[in-house]
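Here the numbering used here is used: position 441 in the sequence shown is 1250, and no number is missing along the way. What follows is a set of notes on a single structure, which appears directly below.
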Amino acid sequence: MSSVEVVPKKARISIGEIIALIVIAWICFVWGFLTRSLSLTKYWVVTGTFIPYIYLLLLVGYLGKKGIVINKEFFVALMYVLALFTAKWYYFSGSSEVNFYNNIAGSFSSAMCGWHFPTWAREYISHLIPAWLIPQDDYATSLYYNGGGDPVWSVFVGPIVAWSLILISIVLISWPMIFQIFGPHWWEVERLQFPMAIPAIYTINEVYPTAESGEKGEWLRLTNLKITRNKIFWIAFAVGLILNAPYIATQLFPAIPLGGVIGGGYGTYPIELYSLVQDVLPNAQINTSLVIYNALLYAIFPIDLSLTITIIGLLIGFVYRPLVTRAGLIPPGVDPGATWPFPHSEFRIGTYLGLAAIILWTTRGRWIKAFKSLSKDFEVEGISMRLGMIMMIIGTIMFIGIWTAAGGNLFMMIIWFILFTLVNIGGAYYYAAAFWYAADCHGYQTWRYGFPIGAALGIWSDTPPQINRALAIYGFASSSMGTCVGPYESNGLFSQSLATVTYGLAKGVGADIRKVFTYIIIVLIALIPFALVVNTYINCHVGIANTGETGMDINWWGVVAGAIDTGNRGLTWSVGYLPLWQQWIALIIGAAIIVVVGWLRTVFPWFFLHPLGVLIGFDGSGGWKGWPNMIIGITLRVILERTLGPKRTMEYLVPIIAGIALGLGALYLLVGISVMTTTSIPNLMALWK
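The structure is reproduced here in structure tokens:
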């Protein structure tokens, strides 16, 4: 992957560029929110804004040729803004996925309509949750839920302020942590690939002049087909475009009878084989998906990582699960990953904690220096380390303080914060080294490990029913922050995960890190309260119950139920199969396995198992990461290295990955225009009151 690591001097911070980015962010939020929320059943077809960055990048290159220069820092920050409202994998393919709107729906929006959904929650909320987190005025919340007119701002201003501070605190914690401590270590010392940024790094570096030539150098080399790597890119781009064209056609013209040709869209083809082998291999994870770009990523990962994922994944999915099922060791109807003798699914949180322990140990020197910066400052990536530490400290105090002020127990909220943050750190490493499937939805499991601690300390009872505000806030923090759309897990668009990829992108294109960091922090602080105000205004006019935001997010993730059914009304919210004390044992085993694997790598040079590979492999052989992609990727890597050599293999694979990924996402623009004009705008006009 071509990249530039040295920036000769600090880039100038431009107030005009900051204002432009804020205005763009505000406009994009409104445009994407209306498009997505009012698309109803198309909520996951078009997830907000829908301009793949390849078009913008070609425009930037054209303008550069004409002498109108848009600097890299502004463009990287702009890409992040568009990623917020498009998808967490925007840097990779530019198409639909979890984004900022989901984060708002899974926290703020769920709270705003909590007085009405779930219908039984009201009688508990009034005793457990303050009105500045979940508003409790019948008329005002009915407007938000059903629509009807202007918001009653006096009711909503408290929740808007509180949730804005909660979300901004995540920004203050996450971005300095990545940009000043973990990111530099992963880039400079571990030389991680930041695979999610590969297409963006490649194309930006092929559009902008090289660092040596400066702004007067050659722009738009990407379109120069005399350069072999760019010829490969455009061939791969055409392949991706063709592969996804049938899926796009079915979205634009549903009557077209393409059937199974379309797969799952964007290079994803489900494989259903379990019915053929279930008698021989019961509970085997053989149903999976062939995902073209994932297969290519397996080919580009370090070979020890790819091999570890494959070995562990196949052993879990094809050997262990059928073996214990046939031996009668698993109760009928129970997932082998959820119970003994080897509850690999229940190891999940422990494996992230183990990975975080390794990360904190290897970066301990950076942390020690960071704390010393409070008395003697220094710079990391051109950013004051003292400023970064102050931001993290203020963010942590705000985050824990707001939940405690709402009724949480201070000690338990500190425990909660540590657990969530450690899992997120492990997830950030996952993003830096591999895929974008890391530490998502972890709140459904992570909350369980604090519950018995609180019960043992007498802060709450381990037996419901009860009316315990500290427990309700503990559960509500877990559910509002940690579901599959929570803002403080790896699907959070402003938590550690996407901050990691953004750091890798900025480093890979030689952008000034200080400038990118400054722009993004300011934009997020300006965006978050604006977004919550606009969300409130629009939903009070159309009724959130009439939108896709409710049917596809709020009703699905059970955020308010997480405040009540984690020990107050009942103990039923994502409790798992094993008793909670046994889940603690599984957590310890999972963490120990990862730490031991990491230690063995430092002791024995021949020991190739990768701790991250073990963590990923414990998921088994199914899903999007599954066995066909593993086998194809490693086979391709071996063949290419034997024929071309390692260096030329990477020179070919990078433009192939970039081209296919961006080709798969290129026609997303057409789907977005179609959904916005044929569905979202008509629904807005029909629902507005």
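Every residue, glycine too, gets a C-beta built ideally from N, C-alpha and C.
Since residue i contacts residue j with CB under 8 Å, what's their CB separation in whole angstroms?
{"i": "Leu1031", "j": "Val1016", "result": "5 Å"}
{"i": "Gly1295", "j": "Asn912", "result": "7 Å"}
{"i": "Ile1010", "j": "Tyr1461", "result": "The Cβ separation is near 16 Å, so there is no contact."}
{"i": "Ala1401", "j": "Trp1382", "result": "Their Cβ separation, rounded to whole angstroms, is 28 Å, which puts Ala1401 and Trp1382 out of contact at 8 Å."}
{"i": "Gly956", "j": "Asn1364", "result": "Between Asn1364 and Gly956 the Cβ distance is about 17 Å, and since that is not below 8 Å, they are no contact."}
{"i": "Leu1228", "j": "Gly1376", "result": "Contact flag wrong, Cβ pair sits at about 17 Å."}
{"i": "Thr1292", "j": "Gly915", "result": "5 Å"}
{"i": "Ile1403", "j": "Ile1118", "result": "Not quite, the Cβ-Cβ distance comes to about 14 Å (not below 8 Å), so this is no contact."}
{"i": "Gln1305", "j": "Ile975", "result": "Rounded, the Cβ-Cβ distance is 16 Å, inconsistent with contact."}
{"i": "Gly1307", "j": "Leu1231", "result": "A small fix is needed here, since residue 1307 is Leu in this sequence, not Gly. At roughly 18 Å, the Cβ-Cβ gap does not stay under 8 Å, so Leu1307 and Leu1231 are not in contact."}
{"i": "Leu847", "j": "Ser1489", "result": "4 Å"}
{"i": "Leu1445", "j": "Leu1061", "result": "Not really, about 33 Å apart at Cβ, beyond 8 Å."}
{"i": "Gly1442", "j": "Leu1105", "result": "7 Å"}
{"i": "Glu882", "j": "Ala829", "result": "About 12 Å; that fails the 8 Å criterion."}
Shortest alpha-carbon distance to residue i belongs to which of the options?
{"i": "Ala1395", "options": "Thr1119, Met888, Gly876, Pro1152", "result": "Pro1152"}
{"i": "Met1200", "options": "Ser1287, Phe1326, Ile824, Thr1356", "result": "Phe1326"}
{"i": "Trp1176", "options": "Gly1399, Gln989, Met921, Tyr852", "result": "Gln989"}
{"i": "Leu1259", "options": "Val966, Leu1105, Met1222", "result": "A small correction: the amino acid at residue 1259 is Gly; Leu does not occupy that position in the sequence shown. Of the candidates Val966, Leu1105, Met1222, the one whose C-alpha sits nearest the C-alpha of Gly1259 is Met1222."}
{"i": "Val1100", "options": "Gly1468, Gly1454, Gly1432", "result": "Gly1432"}
{"i": "Val854", "options": "Gly903, Ile1337, Lys819", "result": "Gly903"}
{"i": "Pro1091", "options": "Ala1064, Ala1372, Tyr1075, Ala1136", "result": "Ala1136"}
{"i": "Ser919", "options": "Leu1424, Thr1345, Trp1415, Tyr889", "result": "Thr1345"}
{"i": "Leu887", "options": "Lys875, Leu865, Asp1271, Asn908", "result": "Leu865"}
{"i": "Gly1076", "options": "Met1494, Leu1341, Asn1438", "result": "Asn1438"}
{"i": "Gly1263", "options": "Ile1044, Ser951, Ala1242, Phe1220", "result": "Phe1220"}
{"i": "Leu1336", "options": "Ser823, Trp1408, Gly1235, Val839", "result": "Val839"}
{"i": "Val1143", "options": "Leu1183, Tyr1386, Val832, Leu1085", "result": "Tyr1386"}
{"i": "Glu1081", "options": "Ser1098, Leu1449, Glu1358", "result": "Ser1098"}
{"i": "Ile1499", "options": "Val885, Glu1298, Ser848, Gly1163", "result": "Examination of residue 1499 is not possible in this model, given that the chain is present from 810 through 1498 alone."}
{"i": "Ile1397", "options": "Leu1164, Leu1114, Pro939", "result": "Leu1164"}
{"i": "Trp835", "options": "Val1343, Val961, Gln1087", "result": "Val1343"}
{"i": "Gly876", "options": "Gly1252, Phe1244, Leu1496, Gly1026", "result": "Gly1026"}
{"i": "Gly1474", "options": "Tyr1102, Gly873, Tyr1240", "result": "Tyr1102"}
{"i": "His1251", "options": "Phe1244, Gly1235, Tyr889", "result": "Gly1235"}
{"i": "Thr1171", "options": "Leu1061, Pro993, Ile1276", "result": "Pro993"}
{"i": "Phe1156", "options": "Trp1393, Ala892, Asn880", "result": "Trp1393"}
{"i": "Ile1192", "options": "Thr1359, Lys1324, Ile1112", "result": "Lys1324"}
Please return the same chain residues whose Cβ sits closer than 6 Å to the Cβ of residue i, not counting the five positions on each side in sequence.
{"i": "Ile1331", "result": "Ile827"}
{"i": "Gly841", "result": "Gly857, Thr858, Phe894"}
{"i": "Glu906", "result": "Ala896, Lys897, Trp898"}
{"i": "Leu1034", "result": "Lys1040"}
{"i": "Ile1065", "result": "Ala1058, Thr1059"}
{"i": "Gly1481", "result": "Val855, Phe859"}
{"i": "Ala1247", "result": "Gly1236, Tyr1239, Tyr1240, Ser1299"}
Only counting the same chain, and skipping five residues up and downstream in sequence, which positions put a Cβ closer than 8 Å to that of residue i?
{"i": "Trp1390", "result": "Pro1261"}
{"i": "Gly870", "result": "Val1016, Tyr1017, Trp1028, Leu1029, Leu1031, Thr1032"}
{"i": "Lys1178", "result": "Phe1187, Met1194"}
Count the other CB atoms within 10 Å of the CB of residue i; is the residue buried (16 or more) or exposed (fewer)?
{"i": "Asp1249", "result": "buried"}
{"i": "Met810", "result": "Because Met810 sits at a pLDDT of 46, beneath the cut-off of 50, its placement in the model cannot be relied upon, and the following sentence gives the value as read from the coordinates. Classification of Met810: buried, given that the 10 Å Cβ count is 16 or more."}
{"i": "Phe1180", "result": "exposed"}
{"i": "Arg845", "result": "buried"}
{"i": "Ile1465", "result": "buried"}
{"i": "Ser1115", "result": "buried"}
{"i": "Val1412", "result": "exposed"}
{"i": "Glu814", "result": "Since pLDDT at Glu814 reaches only 46, below the 50 mark, its modelled position is unreliable, and the value read off the structure follows with that caveat. That one is exposed."}
{"i": "Gln1254", "result": "buried"}
{"i": "Asp959", "result": "exposed"}
{"i": "Ser1184", "result": "exposed"}
{"i": "Asp1088", "result": "exposed"}
{"i": "Gln1094", "result": "buried"}
Excluding the 5 residues flanking residue i on each side, which residues of the same chain have their C-beta closer than 7 Å to its C-beta?
{"i": "Phe1187", "result": "Met1194"}
{"i": "Ile1203", "result": "Leu981"}
{"i": "Tyr933", "result": "Ile1373, Asn1377, Arg1378"}
{"i": "Pro1273", "result": "Gly1376, Asn1377, Arg1378, Gly1379, Leu1380"}
{"i": "Phe1285", "result": "Ile938, Gly1371, Ala1372"}
{"i": "Val1133", "result": "Ile1139, Pro1145, Pro1150"}
{"i": "Val964", "result": "Pro944, Asp946, Ala949"}
{"i": "Ile1268", "result": "Asn1218, Met1221, Ala1279"}
{"i": "Ile969", "result": "Pro1338, Leu1341, Val1342, Thr1345"}
{"i": "Trp941", "result": "Gly967, Pro968, Ala971"}
Give a single yes or no on whether residue i has its beta carbon closer than 8 Å to a heavy atom of the ligand SAM.
{"i": "Gly1474", "result": "What this structure holds is no ligand at all, so the ligand SAM is not there to describe."}
Identify every run of the alpha helix (DSSP H) within the region 916 to 960, keeping only runs that are complete inside it and at least 4 residues long; order them along the chain. 931 to 937, 947 to 955
Taking only runs that begin and end inside the region 1330 to 1415, name each unbroken alpha helix (DSSP H) of 4 or more residues, in chain order. 1368 to 1373, 1389 to 1412
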